[in-house]
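Each residue of the sequence shown is one higher than the one before, counting from 71 in our numbering. All C-beta atoms in this analysis are idealised placements derived from N, C-alpha and C, irrespective of residue type, glycine included. This structure is a prediction, so every number in the text was calculated from the model and none was measured. First up is the structure itself, then whatever we jot down about it.
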Amino acid sequence: MEDKYFSQDITVFHGRTTPEKGLLVGYGALIKVYALTIPLPSKLALISEKNRQYTTNEWRVFTPRHQPDKLLYKQLIFAIRYEGINLLFFKKLFQKLSEKKIEELVQIEPLGQYSRKIWFLYEWLFNKQLNIPDLKTANFAYLIDEKLQYAVEGTKSSRHRIVNNLPGTSNFCPLIHKTDTLKSYIASNLSERKNNYLKIIRADVLQRASAFLLLKDSKASFT
């Protein structure tokens, strides 16, 4: 059944028109196959029939050489590698799978970084250990790819040989994808520009402006 659905070319998905005909992969394909009732990622992944790679407002288009095999594990690897970590997706997917199935996924490549990430995410999200022994060897891998998403310095999980650099807890962990717009805002150093601007304004002017805005905001709350 997974092969059937993973093999379908699309031109529209959940109301989103694709920039060209192609194969839905990654999170989008898995959401479809497992009928997960979650918000779609801001950008979905599509394998183009042509040898070109680009991004639109709603799609990341990849070349045929990026196409993952028609297997759950390979689709998960693609999603993590190219689309980042989606915590809600993983929580809902894990709820659809048995613990045995998840253990089998992890054991496909027990030392592979993506297997270890899947393993870590299950135990972190559900605060429950799978029947898998602690790893003794393997290079530590960062859970969040900082080329794709913002992360913290992180702490090491020796059991999984993973650096947990998620910016939150399993109860609340907002993840933000890096974009050119956000990068430009950070590079522009708005805090320093604000401080420099305030230095040229007299203190009494700032106080009057602050009082006016506070009064206006208070009035708006009661209208």
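Three-state secondary structure (DSSP) of residue i
i	result
Ser261	helix
Gln183	helix
Gln219	strand
Asn156	coil
His32	A query on residue 32 cannot be resolved here, the shown segment of the chain reaching from 71 to 293 and no further.
Ala211	strand
Thr249	coil
Nearest-angstrom beta carbon gap, residue j and residue i [assumed within contact, 8 angstroms]
i	j	result
Glu119	Gly96	Not a contact, Cβ separation roughly 17 angstroms.
Glu173	Ile150	Their Cβ separation, rounded to whole angstroms, is 18 angstroms, which puts Glu173 and Ile150 out of contact at 8 angstroms.
Leu114	Leu146	Not a contact, Cβ separation roughly 15 angstroms.
Ala211	Leu181	About 10 angstroms; that fails the 8 angstroms criterion.
Gln123	Thr133	5 angstroms
Run of the alpha helix (DSSP H) containing residue i, from where it starts to where it stops
i	result
Ala281	273 to 291
Lys144	142 to 148
Leu175	169 to 178
Close-in-space but distant-in-sequence residues of the same chain around residue i (CB under 8 angstroms, 5 per side omitted)
i	result
Gly154	Ile214, Asp215, Leu218, Gln219, Leu245, His247
Ser227	Phe190, Val233, Asn234
Range of the contiguous beta strand (DSSP E) that encloses residue i
i	result
Phe83	79 to 83
Pro89	86 to 95
7 angstroms CB neighbourhood of residue i in its chain, flanking five on each side removed
i	result
Phe160	Leu191, Leu195
His136	Ile117
Lys170	none
Tyr143	Leu175, Ile178
Gln183	Ala211
Gln199	Glu193
Cut-off 6 angstroms between Cβ atoms - residues of its own chain near residue i, not counting five sequence neighbours on either side
i	result
Tyr152	none
Thr225	Asn234
Ser185	Val176, Glu179
Unbroken beta strand (DSSP E) runs of length 3 or more, entirely within the segment 103 to 132: which are they? 114 to 118, 129 to 132
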